[in-house]
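Take the sequence shown: its letters are residues 3 to 408, numbered as in the working numbering.
Ideal Cβ placement from N, Cα and C applies to all residues, glycine included.
Here is the structure we will look at, set down as structure tokens.
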Amino acid sequence: MTSPAPWIVCQIGARENFAVARALARQGLLSELLTDVWAGGHPLRRMLPARLAGRDHPTLADHRVWAPTTRALLREVGDRITGRGGWDAILHRNAWFARHAAAHLAHRPAGQDLTVFAYSYAAGDIFALARARGWRTVLGQIDPGPFEARMVADIYAAAGDPLDPIPAIYWDHWRREVDRADTILVNSDWSRQGLIAEGVPADRITVVPLAFEGAATPPARTHLPDRFTADRPLRLLFLGQVTRRKGIDIALDAMAALPDAPLRLDVVGPVQITIPDTARADPRIVFHGSRPRHETPAAYAGADLFVFPTRSDGFGLTQLEALAQGLPVIASDRCGTVVRDGTDGVILPDLTPGALADTLSRLSADPACVRRMMQAARLDTRFDLDTLGRSLAALTPGAVTTGHPG
């Protein structure tokens, strides 16, 4: 059996900490990573903004990486000077990267057997070039697409909250990407259902969960009391974008429904809604705002449960982050299937404040149950890099997958 063709991975930013490229590298299948900014080896690395100075990964140091870093920084400066923002800036950035990545790939000699992976919304020109060369194309679909966008728009409209509408051209570009993709990779059955609802053929969609690297054994959690009280409540963590899509309003309404329950809710992330007066007045709820990435482990360590009542997510990587810290997860079913219901967390039977309030009421009265879930909370091998690498390799003909040599 022949070996599978090597892959080229194209991505803006450090999405998932370059997990796809790293997983393929461990399988010996990474030909090249194309990204917008790469700090590794850049002569001006010390002058890069803090948010970009760490934009590399040591496990990819010996692999071929192409990044127009200086041009990307100049483009960003140009956007600021011209006042380009919002969806206009996103569309401009995505098109800019796809155009430059395609121009780079055009220098590759003809006749190569390659698989080209690119993430949704910045894959159009890349896939056009790849198809013209006869290369296989894999679209990494990061979310449920227009299905999710309509759902979120309806939620905001019903609440009377403003929402910057996604331009129609954004979806026009996406549909061309879908047409040019041989395989569409989604990270959850929820995303798969969303794409099928948009008319994407089911036989072109493959579900592959995200990967996350954490400690083999999560840190021990021995701080639970025998009974939760106002002085030592059940400590809940909501971490991520503080939006209706992520379900923050569901969490706040659940807290309001349990005014006397021994609960504390820490909300970490950029607030993008109007906080209700009831939540502002509730001393049990603390809004911390955005935190640097390196501070998130401390947020997980200070909690007893992670609350993830998302209305729609392509996967929800924070579920894996929480489990890696030994933190049980209360999640909706509109994201990646991570939680083992009743074992290392709870899957909400209904995505309503009432259902979440019932769950919180039950758990705040049963520390022993929370303790059992903590003891079971850990990363499953379904979500490690080797599993991701084997799943990706299996998408190409002649696949012979291997494990990481160590």
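Take the alpha-carbon of H109 and the one of I10: they are about 14 Å apart. When beta bridges are read from the DSSP output, A120 appears opposite C12 and L141. In the structure shown, E215 adopts coil according to DSSP, grouped into three states. The segment 231-251 makes contact with the segment 294-309: 3 or more CB pairs, one atom from each, lie closer than 8 Å. Collapsing the DSSP output to three states places T354 in coil.
The shortest C-alpha to C-alpha distance from A326 to any of R384, W192 and P221 is the one to P221.
In the displayed model, W68 falls within a strand according to three-state DSSP. Between the segment 139-156 and the segment 177-184 there are three or more inter-stretch CB-CB distances shorter than 8 Å, so the stretches are counted as touching. In the DSSP annotation of this structure, F310 is not part of any alpha helix (DSSP H); the continuous beta strand (DSSP E) holding it starts and ends at L307 to F310. The C-beta distance from L131 to A104 rounds to 4 Å, short enough to meet the 8 Å contact threshold.
Distance check between V118 and each of G136, D38, H102 and R177 places G136 closest, using alpha-carbon atoms only.
By the Cβ-count criterion, V244 is buried, with 16 or more other Cβ atoms from all chains shown falling within 10 Å of its own Cβ.
Of the other Cβ atoms in all chains shown, fewer than 16 fall within 10 Å of the Cβ of P111; this residue is therefore exposed. One Cα belongs to F149, the other to A159, and the distance between them is close to 16 Å.
In this structure the segment 255-263 touches the segment 282-297; the number of beta carbon pairs closer than 8 Å is three or more. Along the segment 327-352, the alpha helix (DSSP H) does not occur as any fully enclosed run of 4 or more residues. Straight-line measurement puts the Cα of F230 at about 51 Å from the Cα of T71.
Short of 7 Å from the beta carbon of G196, and not among the five residues preceding or following it, lie these beta carbons of its own chain, in chain order: P146, G147, F149 and E150.
If you draw a 10 Å sphere on the C-beta of I14, you find 16 or more other C-beta atoms in it, and that means buried. The residues T219, P220, L325, A326, G328 and D346, in chain order, have a CB closer than 8 Å to that of R380 in the same chain once the five nearest residues on each side in sequence are set aside.
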